[in-house]
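Participant: Protein chains in written order, with our numbering: chain B, 2 to 142; chain A, 2 to 142.
I am attaching a structure below and will ask some questions about it afterwards.
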């Protein structure tokens, strides 16, 4: 008897659990673990910066962020939408980044963004696109 | 005999054609036609602004942009990735927006972004999430 295919609810739960582990790895500043949640060909699109394409460029990006003693990020994932076949999904959310600015001053910026996910051959969900931008300082979103 | 299901290549071609018609509608400043390419529950996430959720909010956003005589946008769609079942897709691209700034001066900003698409019950592809952010002025991306 064939294994039953996961339902949309199960796919969503798997993505939310993966996302939670990702945030834990980033919070622990575990760079190699953190970058493992992006696919090898993932695109990271930070505001006011060029496209960061692929695992090596992402490793450098994460290493740069983690080298700032003032860097921290937290995010909240809102909606997760999974494709009918359970191979692609996207999630919406908000985030808050604290870091040292070019002027040496520590800033905190709230943002909103989406992540696009693809299920890999081994069944793991990986982030294939990661993009965010700023919320206005007074926004309730 | 059942109709053959469209292939991934056919889905991608349908999205690229839809995207082309969307850009034409925006270039002609045809607001109602332009907003028809977003789903009723679409999210537009512009930089430095709150989330714009749903058709009425998007209508107001587009109306605001089109009321600026200096507003123009062009975009180039790069990759299109379609889910296995042909119900969800995402596209990457770059854009260039010209508009009147808060200080009354006309500015041009280059950006990068992604659109997420869902195939509707009638077979039409609609944009469900639209997010972009700035590229640095000297970026080649």
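Positions of the beta carbon are idealized from the N, C-alpha and C atoms, including for glycine.
Every value quoted in this text rests on a predicted model; they were computed, and no experiment measured them.
I'd like to confirm the pairing. Which residues does DSSP put opposite residue 28 of chain A in its beta bridges?
Facilitator: According to DSSP, residue 28 of chain A bridges with nothing at all.
Participant: Could you tell me which uninterrupted beta strand (DSSP E) segments, each at least 3 residues in length, are contained entirely in the segment 28-76 of chain B, listed from first to last along the chain?
Facilitator: 39-46
Participant: According to a CB-to-CB cut-off of less than 7 Å, which residues of the segment 29-62 of chain A neighbour chain B?
Facilitator: 44, 46, 48, 49, 50, 51, 52
Participant: Using a Cβ-Cβ cut-off of 8 Å, state whether residue 85 of chain A counts as contacting chain B.
Facilitator: For residue 85 of chain A, a Cβ of chain B is located within less than 8 Å of the residue's own Cβ.
Participant: Taking 8 Å as the CB-CB cut-off, is residue 88 of chain B touching chain A?
Facilitator: yes
Participant: Between residue 115 of chain B and chain A, is the shortest Cβ-Cβ distance under 8 Å, so that the two count as touching?
Facilitator: yes
Participant: In the structure shown, what three-state DSSP assignment does residue 125 of chain B receive?
Facilitator: Reduced to three states, the DSSP call for residue 125 of chain B is coil.
Participant: Less than 8 Å between the C-beta atoms of residue 132 of chain A and residue 53 of chain B, yes or no?
Facilitator: No, these two residues do not count as a Cβ contact at 8 Å.
Participant: So which of A:10, A:95, A:83 has the shortest CA-CA distance to residue 118 of chain A?
Facilitator: A:83
Participant: Can you find a CB in chain A that lies within less than 8 Å of the CB of residue 93 of chain B?
Facilitator: yes
Participant: At 9 Å on the CB atoms, spell out the chain A contacts of residue 74 of chain B, in chain order.
Facilitator: Result: empty, since nearest Cβ-Cβ is about 16 Å, beyond 9 Å.
Participant: According to DSSP, is residue 79 of chain B helix, strand or coil?
Facilitator: strand
Participant: For residue 90 of chain B and residue 49 of chain B, I'd like the C-alpha separation in whole angstroms.
Facilitator: 26 Å
Participant: Any beta-carbon of chain A closer than 8 Å to the one on residue 135 of chain B?
Facilitator: Chain A, which has a Cβ nearer than 8 Å to the Cβ of residue 135 of chain B, makes this yes.
Participant: Within 8 Å (strictly less), CB to CB, does residue 130 of chain B reach chain A?
Facilitator: yes
Participant: How should residue 101 of chain A be labelled, buried or exposed, when 16 other C-beta atoms within 10 angstroms of its C-beta is the threshold for buried?
Facilitator: Residue 101 of chain A is exposed by the Cβ-count criterion.
Participant: Below 8 Å between beta carbons: does that hold for residue 95 of chain B and residue 107 of chain B?
Facilitator: no
Participant: Who are the near neighbours of residue 19 of chain B in its chain, counting only those whose CB is closer than 6 Å to its CB and skipping five residues on each side?
Facilitator: 126
Participant: From which residue to which residue does the beta strand (DSSP E) around residue 102 of chain B run?
Facilitator: No beta strand (DSSP E) holds residue 102 of chain B; DSSP gives it neither H nor E.
Participant: Quick check on residue 139 of chain B: does DSSP put it in helix, strand or coil?
Facilitator: coil
Participant: Which stretch, first to last residue, makes up the beta strand (DSSP E) that contains residue 109 of chain B?
Facilitator: 107-120
Participant: With H, G and I counted as helix, E and B as strand and the rest as coil, what does DSSP make of residue 20 of chain A?
Facilitator: helix
Participant: With distances taken from CA atoms, which of A:59, A:31, A:32, A:105 is nearest residue 42 of chain A?
Facilitator: A:59
Participant: In this structure, does DSSP put residue 85 of chain B in helix, strand or coil?
Facilitator: coil
Participant: Can you name, in chain order, every residue of its own chain whose Cβ lies under 6 Å from the Cβ of residue 93 of chain A, other than the five neighbours on each side?
Facilitator: 79, 80, 115
Participant: Any idea which residues DSSP pairs residue 14 of chain B with across the strands?
Facilitator: BP columns for residue 14 of chain B are empty, so no partner.
Participant: Take residue 71 of chain A and list the residues in its own chain whose beta-carbon comes closer than 8 Å to its own, dropping the five residues that flank it on each side.
Facilitator: 99, 100, 101, 107
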